[in-house]
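To start, the structure itself, in structure tokens.
Protein chains: 2
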Amino acid sequence: VNVLVTGGMGVNGSAVVRRLLRDGHRPIVFDRHSDPSLIPAAMRADVVMYEGDVTNLEGLEQLLRSERIEVIAHLAALVGPNAEKDPYSAVCINVLGTANLLEAARRAEVRRVVLSSTKAVWGPITGQYAHPSFRPVEESHPIGILPDLKIYCSTKIACEAVGQRYAEAYGIEFAALRFSAIFTVGRGKGKGPAGIHSRILEEAMAGVPVRVAAGGDQADDLIYGDDLAQAMIKACVAPRLNHCLYNIGTGRLLTLRQFGAAVSKILPGADVEVGPGLDYIGRPVYCLMDISRARTDLGFEPEYSIETAVRDYAGLFSELYPC
Amino acid sequence: VNVLVTGGMGVNGSAVVRRLLRDGHRPIVFDRHSDPSLIPAAMRADVVMYEGDVTNLEGLEQLLRSERIEVIAHLAALVGPNAEKDPYSAVCINVLGTANLLEAARRAEVRRVVLSSTKAVWGPITGQYAHPSFRPVEESHPIGILPDLKIYCSTKIACEAVGQRYAEAYGIEFAALRFSAIFTVGRGKGKGPAGIHSRILEEAMAGVPVRVAAGGDQADDLIYGDDLAQAMIKACVAPRLNHCLYNIGTGRLLTLRQFGAAVSKILPGADVEVGPGLDYIGRPVYCLMDISRARTDLGFEPEYSIETAVRDYAGLFSELYPC
Chain Z
9 VNVLVTGGMG VNGSAVVRRL LRDGHRPIVF DRHSDPSLIP AAMRADVVMY
59 EGDVTNLEGL EQLLRSERIE VIAHLAALVG PNAEKDPYSA VCINVLGTAN
109 LLEAARRAEV RRVVLSSTKA VWGPITGQYA HPSFRPVEES HPIGILPDLK
159 IYCSTKIACE AVGQRYAEAY GIEFAALRFS AIFTVGRGKG KGPAGIHSRI
209 LEEAMAGVPV RVAAGGDQAD DLIYGDDLAQ AMIKACVAPR LNHCLYNIGT
259 GRLLTLRQFG AAVSKILPGA DVEVGPGLDY IGRPVYCLMD ISRARTDLGF
309 EPEYSIETAV RDYAGLFSEL YPC
Chain D
9 VNVLVTGGMG VNGSAVVRRL LRDGHRPIVF DRHSDPSLIP AAMRADVVMY
59 EGDVTNLEGL EQLLRSERIE VIAHLAALVG PNAEKDPYSA VCINVLGTAN
109 LLEAARRAEV RRVVLSSTKA VWGPITGQYA HPSFRPVEES HPIGILPDLK
159 IYCSTKIACE AVGQRYAEAY GIEFAALRFS AIFTVGRGKG KGPAGIHSRI
209 LEEAMAGVPV RVAAGGDQAD DLIYGDDLAQ AMIKACVAPR LNHCLYNIGT
259 GRLLTLRQFG AAVSKILPGA DVEVGPGLDY IGRPVYCLMD ISRARTDLGF
309 EPEYSIETAV RDYAGLFSEL YPC
């Protein structure tokens with residue numbers, strides 16, 4: 009299958025590209041920059057790279073036609089603090105960009121578009137869905153309401169809806185994958201509180217004693233990048249999509265303390281201490297995902313335990329950033 | 009106050025413009041077309057008209073500066089079937105257009121932007137909020153989820169969120185007014201099932217016997233155009249906005265049969281019969297709005313009963329379309 013990965017040089021997109029390459033596919037990457045720092049050097053020759061902007065409809069259409077793209081894994085987006093401090097660009101890149109991609113896909117007769125979305129569309133997770141009861145959150149969970157929505161999740165809500173509407177109006181196959189908390193290479197430095205797992209591991213790898221003052225009792229559903237990629241690729245190639253929304257997580261809870269213990273176990277000599285308490289991010293974003301729909305429809309099943317994830321992350325990180 | 013009314017030649021925007029003119033203001037209108045057919049001829053000379061497109065950021069900024077705009081009533085949008093059959097344009101005009109307007113407002117130091125929004129953001133209204141119990145719907149009501157959202161309401165959800173984020177990030181004052189079902193001149197022919205009230209009245213005025221087969225028992229919260237305009241103007245001039253969302257309806261229920269009876273009472277010789285049953289639109293959209301927030305914060309209070317609304321509509325319609 010000819011798969012276009014938008015945002016394929018980014019944190020999540022590169023995980024998809026790495027897995028596509030490992031599986032013997034020839035991913036075509038579309039990104040604003042061609043900095044391949046999240047792709048191992050040995051793999052780079054096999055990546056077809058297009059530099060471009062999703063706000064350019066004509067450019068997208070031309071690329072889809074010239075590369076005979078059949079499926080698009082759409083991960084290009086302005087995320088995190090960059091989106092919050094520049095809402096105008098967030099709307100242009102995320103919402104208009106997704107509409108452009110869908111419109112270009114319609115014109116070029118691309119069969120399917122799979123959108124990278126997020127649990128953040130639910131806004132704050134509270135009550136029975138939060139600590140300590142963690143009732144699993146299904147795809148039908150209400151989405152968040154103002155004034156509690158960040159610009160990033162607002163744009164993702166719009167993207168999901170535009171995609172669903174394109175599917176309905178034009179017969180393009182569409183699904184949005186709502187990822188739970190993500191643990192993957194590239195989410196470390198400068199990526200805000202949600203990158204805490206990356207920072208713990210990377211500091212431990214650097215031989216630094218890691219002291220996290222609080223938050224060790226907070227559980228969350230943490231998916232490893234390569235499992236995220238598995239889900240994205242399965243959604244790209246599944247014979248058919250019965251739904252337009254899929255939760256993608258592990259369906260399991262992991263506390264920050266358990267994460268620290270896994271790092272200590274995998275890295276000989278690591279010195280990690282995580283203090284007690286909840287809410288290491290500072291907002292009620294933690295949840296347990298019900299992933300049964302993705303299991304049934306996409307054949308998705310997380311392949312990594314937290315220990316194998318930490319081991320794989322450490323190996324990839326060393327490969328990307330040899331000291 | 010220098011008020012810019014985007015979409016001011018449209019169905020809802022023209023109601024705002026008429027009321028601004030009646031109140032002695034000098035509305036500045038921005039619309040894609042300068043067809044003034046919803047503005048009475050005697051008023052047209054007092055409207056400052058700019059033809060333009062909200063997808064043009066620079067044009068907007070220039071206009072805001074040259075006219076020293078202080079407040080924007082933003083009603084320009086692609087709505088109804090036009091939005092559903094062209095989701096790409098709906099995203100460009102509604103979402104990007106609103107982001108452009110906010111960005112231009114930020115650059116030109118406009119104080120406040122008031123967005124025209126809709127109860128449709130809630131998706132289907134069911135359970136205790138629907139017939140027959142009609143529990144009043146507050147602003148905190150969950151918004152709709154896929155796959156039940158139309159492209160129009162999806163774009164409005166995004167617009168609300170972008171506006172709220174602009175307010176937070178840049179200090180622009182922002183509120184979205186979520187209107188209930190609307191009864192106003194211009195919503196008749198070709199405007200789909202939600203225009204049923206207009207069609208009943210206009211056909212009765214034309215001397216045609218009106219036979220609505222079913223739906224007479226369905227109640228809804230129906231706001232008259234001039235009350236919508238009252239709310240919009242109050243939101244534009246209120247000393248301060250304590251919230252970013254306001255429900256704007258009547259806080260009262262009216263059945264389609266009661267509407268028909270009002271038409272019969274006001275128009276001598278009208279022949280209107282409305283059959284029994286529910287759901288004249290064909291989707292569960294009916295609700296009773298809790299408008300206490302708008303009452304408290306904006307001093308909004310509906311001025312029209314259904315009979316005075318029908319009388320005013322008939323007068324305006326005759327003025328606009330003399331036979």
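From first to last, the protein sequence lines stand for chains Z and D. Using my numbering, the first residue of the first sequence is number 9, and each one after it goes up by one. Using my numbering, the first residue of the second sequence is number 9, and each one after it goes up by one. Don't be surprised by glycine CBs; every beta carbon is placed ideally from N, CA and C.
Where residue i falls: helix, strand or coil (DSSP)
i: N255/Z; result: strand
i: G326/Z; result: Per the sequence shown, the amino acid found at residue 326/Z is Ser instead of Gly. Helix.
i: S141/D; result: coil
i: A317/D; result: helix
i: F267/Z; result: helix
i: E117/D; result: coil
i: H82/Z; result: strand
i: T126/Z; result: strand
i: Y160/Z; result: helix
i: R26/D; result: helix
i: R186/D; result: strand
i: M297/Z; result: strand
i: L261/D; result: coil
i: Y178/D; result: helix
i: L12/D; result: strand
i: R195/D; result: coil
i: R219/Z; result: strand
i: I151/D; result: strand
i: A227/Z; result: strand
i: V280/D; result: strand
i: L104/D; result: helix
i: P292/Z; result: coil
i: G171/Z; result: helix
i: G131/Z; result: coil
Limits of the alpha helix (DSSP H) - the one that residue i falls within
i: L286/D; result: It is not in any alpha helix (DSSP H) - L286/D carries neither H nor E in the DSSP assignment.
i: Y96/Z; result: P95 to A98
i: R207/D; result: I204 to M213
i: I241/Z; result: G233 to V245
i: M248/D; result: Correcting the residue type first, residue 248/D is Arg in the shown sequence and not Met. No alpha helix (DSSP H) contains R248/D, which DSSP labels as neither H nor E.
i: G88/D; result: G88 to E92
i: Q70/Z; result: L65 to S74
Residues that residue i contacts on chain Z, provided the C-beta gap is smaller than 7 Å
i: S148/D; result: I153
i: E96/D; result: Sequence inspection shows Tyr at residue 96/D; the Glu mentioned does not correspond to that position. Simply A107 and E111.
i: E168/D; result: L154
Limits of the beta strand (DSSP E) - the one that residue i falls within
i: M57/D; result: V56 to E59
i: D39/D; result: I36 to D39
Under 7 Å by beta carbon: chain D residues contacting residue i
i: I204/Z; result: Here the premise fails: no neighbours, minimum Cβ distance about 25 Å.
Interface partners of residue i on chain D, CB under 8 Å
i: I165/Z; result: S162, I165, A166 and A169
Of all the residues that make up the segment 152 to 163 of chain Z, which are near chain D by a beta-carbon distance shorter than 9 Å? Against chain D - using a Cβ distance shorter than 9 Å - the residues of the segment 152 to 163 of chain Z are G152, I153, L154, P155, L157, K158, I159, C161, S162 and T163.
Residues of the segment 171 to 183 of chain Z in Cβ contact with chain D at a cutoff of 8 Å, in chain order, please. Taking 8 Å as the upper bound on Cβ-Cβ separation, chain D lies near residues Q172, R173, Y174, E176 and A177 of the segment 171 to 183 of chain Z.
Taking a cut of 8 Å between CB atoms, which residues from the segment 311 to 329 of chain Z lie near chain D? Result list empty, no residue passes.
Closer than 8 Å is the cut-off here; do at least three beta carbon pairs connect the segment 61 to 79 of chain Z with the segment 25 to 33 of chain Z? Because the criterion of three Cβ pairs below 8 Å is not met, the segment 61 to 79 of chain Z and the segment 25 to 33 of chain Z do not touch.
Chain D contacts made by the segment 99 to 128 of chain Z, where a contact means CB separation under 9 Å: Residues V99, C100, V103, L104, T106, A107, N108, L110, E111 and R114.
Is it true that the segment 85 to 97 of chain Z meets the segment 153 to 170 of chain Z, where meeting means three or more beta-carbon pairs spaced less than 8 Å apart? The segment 85 to 97 of chain Z, when compared against the segment 153 to 170 of chain Z, does touch it at the 8 Å Cβ threshold.
Does the segment 303 to 315 of chain Z touch the segment 227 to 246 of chain Z, meaning 3 or more C-beta pairs lie closer than 8 Å? The segment 227 to 246 of chain Z vs the segment 303 to 315 of chain Z: in contact.
Scan the segment 272 to 295 of chain Z for residues whose Cβ lies nearer than 8 Å to a Cβ of chain D and list them as they occur along the chain. Within the segment 272 to 295 of chain Z, no residue has its Cβ closer than 8 Å to any Cβ of chain D.
With 9 Å as the C-beta to C-beta threshold (strictly closer), list the residues of the segment 230 to 253 of chain Z near chain D in chain order. Under the 9 Å Cβ criterion, the segment 230 to 253 of chain Z contributes H251, C252 and L253.
Counting beta carbon pairs with one atom in the segment 111 to 126 of chain Z and one in the segment 143 to 156 of chain Z, are three or more of them shorter than 8 Å? Touching, no.
Contact residues within the segment 74 to 96 of chain D, judged by C-beta distance below 8 Å to chain Z: Within the segment 74 to 96 of chain D, the residues whose Cβ lies closer than 8 Å to some Cβ of chain Z are E92, K93, P95 and Y96, listed in chain order.
Check whether the segment 133 to 142 of chain Z touches the segment 198 to 214 of chain Z, taking contact to mean three or more Cβ pairs, one atom from each stretch, closer than 8 Å. With a cut-off of 8 Å, the segment 198 to 214 of chain Z and the segment 133 to 142 of chain Z do not count as touching, because too few Cβ pairs lie within range.
Three or more C-beta pairs below 8 Å linking the segment 209 to 216 of chain Z and the segment 161 to 177 of chain Z: A contact between stretches requires three or more CB pairs, one per stretch, nearer than 8 Å, and the segment 209 to 216 of chain Z fails this requirement with the segment 161 to 177 of chain Z.
Between the segment 282 to 298 of chain D and the segment 237 to 252 of chain D, do at least 3 Cβ pairs fall closer than 8 Å? When C-beta atoms of the segment 282 to 298 of chain D are compared with those of the segment 237 to 252 of chain D, fewer than three pairs fall below 8 Å, so the two segments do not count as touching.
Tell me whether the segment 104 to 121 of chain Z and the segment 173 to 192 of chain Z touch, counting them as touching only if at least three CB pairs, one residue from each stretch, are closer than 8 Å. The count of Cβ pairs closer than 8 Å, one atom from the segment 104 to 121 of chain Z and one from the segment 173 to 192 of chain Z, reaches three, so the stretches are in contact.
Check whether the segment 249 to 263 of chain D and the segment 94 to 113 of chain D are in contact - that is, three or more C-beta pairs closer than 8 Å. These segments do not touch.
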